[in-house]
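Listed in order, the protein sequences are those of chains A and B. This note's numbering numbers the first residue of the first sequence as 96 and each following residue consecutively. This note's numbering numbers the first residue of the second sequence as 96 and each following residue consecutively. Even glycine gets a Cβ: it sits at the ideal position worked out from N, Cα and C. Predicted model only: the values in this text are computed from it and were never measured. Quick notes on the structure that follows.
Protein chains: 2
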Amino acid sequence: MFVGGFVGYPALSERAQQLLKALIERYIQSGEPVGSRTLSRDSRLDLSPATIRNVMSDLEDLGFVKAPHTSAGRIPTVQGYRCFIDCLVTVKPLESREVLDLQRQFHKDASPLELLERASSTLSGITKMAGLVTLPRPERNSLKHVEFLPLTENRILVILVMNDSEIQNRVIHTDRPFSRDELQRLANYFNQHYSGMSLSAVKGALVRDMEETRRHADQIMTTACEIAAKALDSEAEADMVVAGQTNLMTYLEMADLDRLRQLFEAFNEKRHLISLFDQVMRAQGVQIFVGEESGYQVLGDCSVVSAPYSVDGQVVGVLGVIGPTRMEYQRVIPIVDVTARLLTAALNQD
Amino acid sequence: MFVGGFVGYPALSERAQQLLKALIERYIQSGEPVGSRTLSRDSRLDLSPATIRNVMSDLEDLGFVKAPHTSAGRIPTVQGYRCFIDCLVTVKPLESREVLDLQRQFHKDASPLELLERASSTLSGITKMAGLVTLPRPERNSLKHVEFLPLTENRILVILVMNDSEIQNRVIHTDRPFSRDELQRLANYFNQHYSGMSLSAVKGALVRDMEETRRHADQIMTTACEIAAKALDSEAEADMVVAGQTNLMTYLEMADLDRLRQLFEAFNEKRHLISLFDQVMRAQGVQIFVGEESGYQVLGDCSVVSAPYSVDGQVVGVLGVIGPTRMEYQRVIPIVDVTARLLTAALNQD
DNA sequence: GTTAGCACTCCACTAACGGGAGTGCCAGCC
DNA sequence: GGCTGGCACTCCCGTTAGTGGAGTGCTAAC
């Protein structure tokens with residue numbers, strides 16, 4: 096009667112599982128505490144309300160559900176959702192029509208950044224929640240080409256062209272002026288030796304090589320390395336694209352203005368959300384945080400459904416949605432999953 | 096007894112003006128309808144509540160105030176605020192200490208973009224409302240230097256260096272591949288002829304010159320112009336920096352979630368707000384929109400206090416704050432004014 | 001023109017009430 | 001032992017009624 100594969104949770108009978116599932120599905124749909132009568136009708140188990148009450152009482156003791164007050168139905172706890180997501184939910188795969196709709200969002204000839212923005216707004220659009228996509232860390236990008244341009248006396252514009260056609264500008268200050276030709280030579284040297292490596296690899300190589308070249312008294316090499324090192328030093332802060340935050344305002348469980356405010360501040364601040372998403376980069380496939388599980392109190396009544404996307408077989412970023420804990424996981428999970436795959440595909444073509 | 100300089104409004108007696116002023120100041124401070132008794136105490140006029148009731152009744156007939164219901168005090172109408180702002184408010188100039196505090200925000204060696212962001216967040220910080228700063232339209236910027244870099248076969252990276260060290264990248268597609276040397280020559284030609292002009296002037300000149308050079312069959316010139324024209328064609332959409340939107344959530348007059356949502360969508364969409372601010376560019380000094388005066392229904396219970404800022408003596412952008420109509424104009428007006436001046440100063444130094 | 005007084009209105013708050021939904025427990029049934 | 005029907009009990013929520021306060025408009029008197 097007791098079921099395996101239910102690791103980490105207090106053992107639940109088959110019946111209790113089914114009831115928990117039915118309860119959560121019902122609650123997700125209605126948003127109101129679910130009572131025994133309702134459940135008796137809903138679940139296919141053909142049990143009387145009284146029996147169900149007994150089971151529910153057990154579920155409450157185990158911490159899967161709770162009653163807002165004595166004479167109300169039960170609502171899921173965080174642990175309840177967790178269990179539901181891990182073991183009980185039956186994700187319904189997207190219809191091929193829906194996949195096509197999604198696919199259409201990712202134009203062939205869009206720039207990488209456009210693709211990410213598209214992914215974010217698409218996620219928010221079809222889920223009616225907030226969509227998020229982290230930008231790839233430039234450190235992971237590989238460097239295709241470098242250009243040094245003199246701006247004024249002691250200021251040089253360094254242009255980094257990444258292999259996925261992303262371009263970054265940095266302005267650096269130098270001790271002495273450089274002529275256009277000189278800079279051209281330096282850039283040539285640099286491109287010969289370092290292009291094709293990832294930014295972080297370049298950083299590493301520079302540290303080693305600068306010692307080396309200095310020993311050989313190779314002035315060009317040393318100077319080129321110094322300039323490049325300066326440019327790469329300016330840490331590029333991580334960033335993310337957010338879309339459809341305002342959707343969250345429509346969920347009444349967040350009617351608390353103060354809480355809503357904190358949430359929106361988190362969207363603006365980004366830092367915390369990014370470090371949350373960084374955790375996901377290490378995982379594979381869809382990952383879900385329910386409520387405070389994320390470690391951020393701001394996400395009180397929210398869940399995060401996320402999945403990493405990759406370029407050249409390597410995970411470079413994460414996308415996902417943020418919505419009320421009471422979201423339709425069975426629908427959102429495949430959407431996030433498929434979007435991540437489609438984004439990965441779009442980024443890797445050509 | 097009747098006062099001049101009160102153009103465009105139904106004539107108001109000195110006393111009525113003073114009462115209107117007192118009423119609005121009181122309402123701004125308390126947020127609650129103001130009754131005759133309160134006003135009798137507040138205003139220095141030493142009038143009995145009954146007398147004040149008569150005046151208030153007149154003010155209501157003239158559309159300056161209204162009563163939410165029969166037995167409540169009066170609150171200002173949009174027209175009332177307008178009159179208050181145009182004729183009645185006594186702005187109290189900032190203390191020199193406050194100016195210094197503000198001044199400290201604008202570091203000497205910050206980039207233009209950083210300055211704008213600083214201005215926005217400073218405005219939001221001291222007013223506890225939302226701060227906005229429009230970015231200068233690139234068209235107004237003058238072009239310092241152009242660089243063409245080959246990316247792949249038919250893609251060229253065009254780098255535009257503006258005179259205030261702002262850098263813009265554009266990737267364009269061409270019919271045939273160009274070699275690095277060839278591009279260098281084209282850029283040289285272009286820089287000789289066009290650098291120093293404003294972007295919009297360059298655009299204008301290109302149209303004329305392309306005809307001209309074509310007639311001379313000057314291949315280099317024509318090609319250079321064609322490439323540049325392509326790059327400049329990609330319209331740069333106007334943009335703005337917003338800070339502290341979430342501050343607005345604390346004003347209870349916006350407790351209506353749906354309205355709040357529309358407002359935040361406007362912040363994200365930006366387009367509308369920018370076109371509102373565009374109007375301000377043509378005006379001089381602080382300009383204020385009360386409620387729907389702005390022409391945007393979203394700004395229902397909001398006012399906009401704004402002022403243009405300039406570079407090289409020419410207005411290039413606008414900054415301001417958005418907050419509840421019930422804001423402390425006498426404080427906000429000088430803050431916006433001074434911030435605009437300080438930003439202008441910071442952008443023009445060096 | 002100004003004021004005091006008065007009747008009237010409307011809101012906001014509180015208390016009381018009843019219906020509804022749901023629970024827990026118990027006794028009886030299979 | 002597990003399931004069920006019945007019943008008393010609890011709590012919420014919406015409605016109603018009542019009350020006090022704040023403010024107005026009007027009128028008559030100064």
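Query, Result
"is_contact[A/Met344, chain B] using C-beta, thresh 8 Å", "yes"
"Any beta strand (DSSP E) of 3 or more consecutive residues that is wholly inside the segment 335 to 409 of chain B", "335 to 338, 382 to 385, 397 to 406"
"Backbone CA spacing between B/Leu358 and B/Val393 [nearest angstrom]", "6 Å"
"Pairwise C-alpha distance: A/Gln340 and B/Asn342", "16 Å"
"CB contact check: B/Leu255 to chain A, cutoff 8 Å", "no"
"Backbone secondary structure at A/Asn258 - three-state DSSP", "coil"
"Simplified DSSP state of B/Ser166, which is helix, strand or coil", "coil"
"Short Cβ contact (8 Å threshold) for A/Tyr391 with A/Leu414", "no"
"Minimum Cβ-Cβ distance from A/Phe243 to chain B less than 8 Å", "no"
"Residues near A/Val184 in its chain [Cβ-Cβ closer than 8 Å; skip 5 each side]", "Lys116, Tyr424, Gln425, Ile428"
"Exposed unless 16 or more other CB atoms sit within 10 angstroms - verdict on B/Asn236", "buried"
"Residue-chain proximity (A/Phe359, chain B), Cβ-Cβ < 8 Å", "yes"
"A/Val427, DSSP secondary structure in three states", "helix"
"Bounding residues of the beta strand (DSSP E) (the contiguous stretch that carries B/Gly226)", "225 to 229"
"Segment limits, alpha helix (DSSP H) that includes A/Phe285", "275 to 289"
"Chain-ordered residues of the segment 198 to 226 of chain B with a beta carbon less than 9 Å from chain A", "Ser206"
"Any chain A beta carbon closer than 8 Å to B/Phe97", "Low local confidence applies: a pLDDT of 36 at B/Phe97 is under 50, so the model's placement there is unreliable, with the coordinate-based value given in what follows. Closer than 8 Å: no."
"Delimiting residues of the alpha helix (DSSP H) encompassing A/Pro144", "144 to 156"
"Spatial neighbours of A/Leu301 in its chain, beta-carbon cut-off 6 Å, leaving aside the 5 residues before and after", "Cys320, Ala324"
"In chain order, each alpha helix (DSSP H) run of at least 4 residues that lies wholly inside the segment 101 to 145 of chain B", "109 to 125, 131 to 137"
"Within 8 Å, strictly: CB atoms of A/Val160 and A/Arg169", "yes"
"Three-way DSSP call (helix, strand, coil) for A/His311 in this model", "helix"
"Rounded C-alpha distance that separates B/Arg110 from B/Gly175", "15 Å"
"The alpha helix (DSSP H) enclosing B/Val184, as first and last residue numbers", "Neither: B/Val184 is in no alpha helix (DSSP H) and is coded neither H nor E."
"Backbone CA spacing between A/Gly130 and A/Ala214 [nearest angstrom]", "39 Å"
"A/Arg356 at chain B interface by Cβ criterion, 8 Å", "yes"
"Alpha-carbon to alpha-carbon, B/Lys298 and B/Asp407", "21 Å"
"Cβ-based contacts, 8 Å cut-off: residues of the segment 256 to 278 of chain B near chain A", "Val256, Ser260, Ile262, Asn264, Val266"
"Residue environment, A/Gly99, which counts as buried when at least 16 other CB atoms sit within 10 Å", "In this prediction, A/Gly99 scores a pLDDT of 39, lower than 50, which makes its location untrustworthy; the coordinate-derived value is nonetheless stated afterwards. When all chains shown are included, A/Gly99 counts as exposed."
"Unbroken alpha helix (DSSP H) run spanning B/Leu208, endpoints", "207 to 222"
"A/Leu197: first and last residue of the uninterrupted alpha helix (DSSP H) it sits in", "191 to 200"
"Own chain partners of A/Met448 with C-beta closer than 6 Å, once the 5 adjacent residues on each side are dropped", "The structure shown does not extend to residue 448 of chain A, since chain A is modelled only from 96 through 445, so no value can be given for it."
"Buried versus exposed, by CB contacts within 10 Å (16 or more), A/Gly126", "exposed"
"A/Lys239: first and last residue of the uninterrupted beta strand (DSSP E) it sits in", "238 to 247"
"Per DSSP, the bridge partner or partners of B/Gly418", "B/Ser398"
"Short CB-CB distance (under 8 Å) between A/Gly418 and chain B", "no"
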